[in-house]
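One structure is given below, encoded as structure tokens.
Chains as they are written, first to last, in the numbering used here: chain A, 3 to 696; chain B, 3 to 696.
Have a look at this one:
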């Protein structure tokens, strides 16, 4: 790794070493397109939405109640409610770094005035513990989230320092960090927090302040994890990664957000301490998790019960948890690994996760969110109450707020700092990792100023044009990521002389003496393609999905003939999917089963239904009682038949259906047109198990 | 329905009306075979095992602590720990009804001496609530389980009364029931318990005592359910069936045990009050749940998170919860529906559930148990601590006890009363529903004595011989259930004259003037057969399973070539499964992938692995770091490759493998030979999605 010398002020992540040097929010701007729209909605709607909800549900009020001595009676929200206030402040700070700074500074100041009096003289700050009538400080490290909350406070403080200069909030965060070092340092409480997050925050604080002790404390927390300093929960110690030390673990496991925050913190520690073994351990865990525990969308987490990753190849689409915050955490981890190693595979997974998880959570108006991001929705959802907190695992329609509402503020801070994820620099030049309309200006080593503009219709189109606005006289290298999804396509790079060459997934570079006005174009064909899962993923055997460029597509019932739900569709993988209007994809020659129609019996077995009723010990006639019920609340689904669903092979049903062309839409756009059913993995037309002799 | 006139004393369920009249433990004896062995182990090992564990973990001690005023400090176990003491007493009482009565009476008396002093003067009895330092009585009906505990106390009292005559424990139960009627009757607390169970218990108490008020209270609880008298939990009100009134619901839903106990209680109320609409509602819910929310084993419950049934056709084998207690509750419900309606379909599901869920839970020595009964185990389990309580959801190997240990005592009481489930009578004769070596003696209406003996090798064989020992002069009817699984087989009935006739699933009856020595034989071919799932069950698409007679089979790694796990196996459904030695089944021509081998690339695509590594943005070489780890505790699985598991269709992998004959064993017998992987649903050899042009 190399030292990072040149530095921008406004860096979300500022490693002192690494293969690539990050660029700050003062060096990269997103000027239009997919992400510009979402960032605009985030700045103008989501930030206020989160602030208003936290006031309304009393999470900001908790700080006032603490100061007024009534917190033991009046506290609202879960034990980690403080952290969402901090995450919102972090989002506001990054947003203030480019744009309506003054107005946001005022809001941050207002929050700070509320929070400051609640901090104890020794730096302790938490509204759930330690006051009369509350549990003592650090009496429940397993579930109390005290260090987790400090982590988000510190990240907010660092954001303020870097984006706006060190202010009051940053000072509060520093006092809290000093308290943590005193309380949990050598000779102190030699345990860890049930929810990692403090690790990455302390490293960033060390980077922002130059104070070694914060880095030492982070390293201590990383080393302590996996040594059974926490009680074993019913889910097992893997739930909070306390089962195996970080450097011994071979795969990401347990609670997905916890696993990914810890991995991000471990990379930060490894980079700052030059601990290559620790970095290699995280890379190994990343490789195993990406190959065996990751959804097509990039989402992680297949268990609802403990919000955990699940075993290898356990990736049920209909019970996918794929928490939005796990998507955010995965992007954080991938960014850190990209900076440390320069390997494009990390930018590839970040892209997949940004477009298909992070972009999926917020609605178009930025005021409702998915907490979990299922890949298959069987029942139409009901519209969540506009004025009540929703259950987090419900993923039928986006909700304005949740009893556990970590996701909205996590999306907000991610969109606020997103421009920083687009590009990096090194001594040789500039690397573009994510594609959006953007402007970039930075200085290469030796004070060589570079400025360029990116124009693209990404992700709906795959043409990326880079125009050089300023360039030094000496040659330098412009590198562009050729996305992994472009495998097998005719991807091309066109240099300033108009010379066109084929490129394959990885990195395409042009080294030359650029002149202002030079244009480099990357051409990435984005035709839709059928994607087939590894046969070891049992839950999606016999299905296929569509990906177009970086976007995963899905079938949504609102695009089907009236009365149909997505489970009635089987597609024909022998017919390639085609582009449809408005960014849709059309799957031709699909089979659609009539609503409520059970699989038809084979024509030569008229007795089958009756046999099967007997086989089920059920009455084939009786099912007509069962009502279809859109919200499914305790009611049976639309299928009225009541036959035993398992039959001897020679009596197997062959699903009937009519041919139709099915419209598929980008997964991130689903559930914006009212209650619907949806699925990403679509069964194929051929019956999965052929009775013998056929 | 008809009145039940003739009555045995020792009846687990004693409806006053119904299509069929149950026989008591004094009328039916199991004399040998599959269930006799398990009942012997239950009587000689499991009862003591449960008693010792409850003493050791302090659940019986809770009653002493309550009397000594230290319960607020010393209470052990979950809020419902009392109920397991009661369930064990119930098991002991039924067991005392036939066998080592005196010794068990003494144990029941000892329990009673411990429990009695803890009952308050007004009949209230619960060690978790109501004393100084504890939450007030009925302050947490959602989760407190107070009425649930009364339900099991009352069932234990009824068991004692019927099996041994009303004793002290029965009197304690009655005082508790009187308190419940006073506290929750009209004008009292007009709410319900978060966990149904009191309903069926109160009806049985009304039957045992002739006291109408217990029935009225049960009816009141059934009618109150579904009217939002409980707070909404994060899982939604369906979790405890408080979402929709019982008579309006169209399917079993929410927490499986709660749903099935409630349904059993509703049937009891419907039968005693002649409420045909209520009975029809439960039948409708049963039909929908059996057709769309039931595993091949008869197990119910597909969610770990809330132990609930899940949506229609959401039946993942690897995340199957299929709680043992839900199996017990399903048998209870089916028995009540069978008595009310006489329809064999209820005995069919009871048989399936008894052999494949209830019989699966206990180990051969009766000292370890499954709480959840998964249909697919991907990692070898670790041996649970012999002296510690295990997590309930872990289903790798059976455990001696659980922090939530409802299942062992539920299995114990079910095995103790099992003979009562074998047969019934009506005015016309005797009906045999479940097959085992047994002796039966009862009186038909008009004092016509009937006695018979059953000899069978069921379930390993399908020949059932009934020998008449005593018969009245007048003709009567012997009915035998022809199991649903016999569909499409050459089932035969041979009458005393040796006349052989074909029979089909349902009921086969012989009406005649029987003579002592007459023999009737039912011949049920039990050849193994491939079973195919309904295509709407996404989680098992492209797989098949083996059933042989009533037994579901599974592949277990201990029967595979060394080093292989079950996920390496794909079977060929074109080759019928054959009987193997010792009750095993052999699947010939299966494909077995080499250990650790990823799917091979198509031979004409040498570049595929590299492409796919790029497509994953992962490094195909790096995976060799990943260690295999048998217990999977935070470690990666045996598959060492680290490729992105989703590929464009034209680059799809075709799994390679070697042909082999695979040995399958009865599902109930798995995990008795050390740590293993296991699966019931086996992928078929043909790749599920054919790339085009093949």
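We treat Cβ as the ideally placed atom computed from N, Cα and C, and that holds for glycine. It should be emphasised that the depicted structure is a prediction, and the values quoted were computed from it without experimental measurement.
By the DSSP assignment, the beta strand (DSSP E) with residue i in it spans what residues?
{"i": "residue 13 of chain B", "result": "No beta strand (DSSP E) contains residue 13 of chain B, which DSSP labels as neither H nor E."}
{"i": "residue 451 of chain B", "result": "450 to 458"}
{"i": "residue 470 of chain B", "result": "465 to 472"}
{"i": "residue 335 of chain B", "result": "No beta strand (DSSP E) holds residue 335 of chain B; the alpha helix (DSSP H) holding it covers 326 to 343."}
{"i": "residue 108 of chain B", "result": "Taken as a continuous stretch (DSSP letters only), residue 108 of chain B belongs to no beta strand (DSSP E), being part of the alpha helix (DSSP H) at 103 to 117."}
{"i": "residue 198 of chain B", "result": "Residue 198 of chain B -> no beta strand (DSSP E), and no H or E assigned at all."}
Since residue i is in the alpha helix (DSSP H), which residue starts that stretch and which ends it?
{"i": "residue 514 of chain B", "result": "Here residue 514 of chain B belongs to no alpha helix (DSSP H); instead the beta strand (DSSP E) covers 508 to 514."}
{"i": "residue 153 of chain A", "result": "148 to 166"}
Just the Cα atoms here: how many angstroms apart are residue i and residue j?
{"i": "residue 255 of chain A", "j": "residue 303 of chain A", "result": "9 Å"}
{"i": "residue 61 of chain A", "j": "residue 148 of chain A", "result": "15 Å"}
{"i": "residue 108 of chain B", "j": "residue 65 of chain B", "result": "18 Å"}
{"i": "residue 68 of chain B", "j": "residue 405 of chain A", "result": "36 Å"}
{"i": "residue 299 of chain A", "j": "residue 554 of chain A", "result": "6 Å"}
{"i": "residue 129 of chain B", "j": "residue 59 of chain B", "result": "15 Å"}
{"i": "residue 71 of chain B", "j": "residue 235 of chain B", "result": "33 Å"}
{"i": "residue 398 of chain B", "j": "residue 411 of chain B", "result": "20 Å"}
{"i": "residue 359 of chain A", "j": "residue 680 of chain A", "result": "15 Å"}
{"i": "residue 144 of chain B", "j": "residue 666 of chain B", "result": "44 Å"}
{"i": "residue 366 of chain A", "j": "residue 140 of chain A", "result": "41 Å"}
{"i": "residue 483 of chain A", "j": "residue 118 of chain A", "result": "45 Å"}
{"i": "residue 513 of chain A", "j": "residue 15 of chain A", "result": "28 Å"}
{"i": "residue 168 of chain B", "j": "residue 213 of chain B", "result": "15 Å"}
Leaving out five residues on either side along the sequence, give the residues of the same chain with a beta carbon under 8 Å from the beta carbon of residue i.
{"i": "residue 18 of chain B", "result": "5, 6, 209, 273, 274"}
{"i": "residue 38 of chain B", "result": "32, 438, 439"}
Taking DSSP's pairing of strands, which residues face residue i in a bridge?
{"i": "residue 565 of chain A", "result": "Answer is none; residue 565 of chain A lacks a bridge partner."}
{"i": "residue 555 of chain A", "result": "A:668"}
{"i": "residue 580 of chain A", "result": "A:588"}
{"i": "residue 134 of chain B", "result": "Its beta-bridge partners do not exist; DSSP assigns none."}
{"i": "residue 73 of chain A", "result": "DSSP lists no partner for residue 73 of chain A."}
{"i": "residue 532 of chain A", "result": "A:548"}
Leaving out the 5 sequence neighbours to the left and right, which residues in its chain are closer than 7 Å to residue i when beta-carbon positions are compared?
{"i": "residue 110 of chain A", "result": "91, 94, 95, 162, 171"}
{"i": "residue 350 of chain B", "result": "485, 486"}
{"i": "residue 86 of chain B", "result": "56, 61, 407, 408, 411"}
{"i": "residue 279 of chain A", "result": "249"}
{"i": "residue 10 of chain A", "result": "25, 26, 28, 29"}
Leaving out five residues before and five after residue i in sequence, what residues of the same chain have Cβ atoms less than 6 Å from its Cβ?
{"i": "residue 55 of chain B", "result": "403"}
{"i": "residue 503 of chain B", "result": "495"}
{"i": "residue 676 of chain B", "result": "none"}
{"i": "residue 12 of chain A", "result": "26, 27, 28, 99, 164, 165"}
{"i": "residue 155 of chain B", "result": "88, 175, 178"}
Open item on the list: Three Cβ pairs or more, each shorter than 8 Å: is that satisfied between the region 199 to 213 of chain B and the region 239 to 252 of chain B?
Closed with: no
Task: the region 536 to 543 of chain A in contact with the region 536 to 554 of chain B per 3-pair CB rule at 8 Å - done: yes
Task: Given 8 Å, three or more beta-carbon pairs between the region 406 to 421 of chain A and the region 587 to 598 of chain A - done: no
TODO: Would you be able to state if there are at least three C-beta pairs under 8 Å between the region 507 to 524 of chain B and the region 451 to 470 of chain B?
DONE: yes
- [ ] For the region 284 to 294 of chain A and the region 250 to 267 of chain A, state whether three or more C-beta atom pairs, one from each stretch, are separated by less than 8 Å.
- [x] yes
TODO: Would you check if there are 3 or more beta carbon pairs closer than 8 Å linking the region 480 to 490 of chain B to the region 441 to 448 of chain B?
DONE: no
TODO: State whether the region 321 to 337 of chain A contacts the region 346 to 357 of chain A, with contact taken as three or more CB pairs (one from each stretch) at a distance under 8 Å.
DONE: yes
Task: the region 566 to 580 of chain B touching the region 566 to 583 of chain A, judged by at least three CB pairs closer than 8 Å - done: no
Task: the region 676 to 687 of chain A / the region 555 to 568 of chain A touching (three or more Cβ pairs under 8 Å) - done: yes
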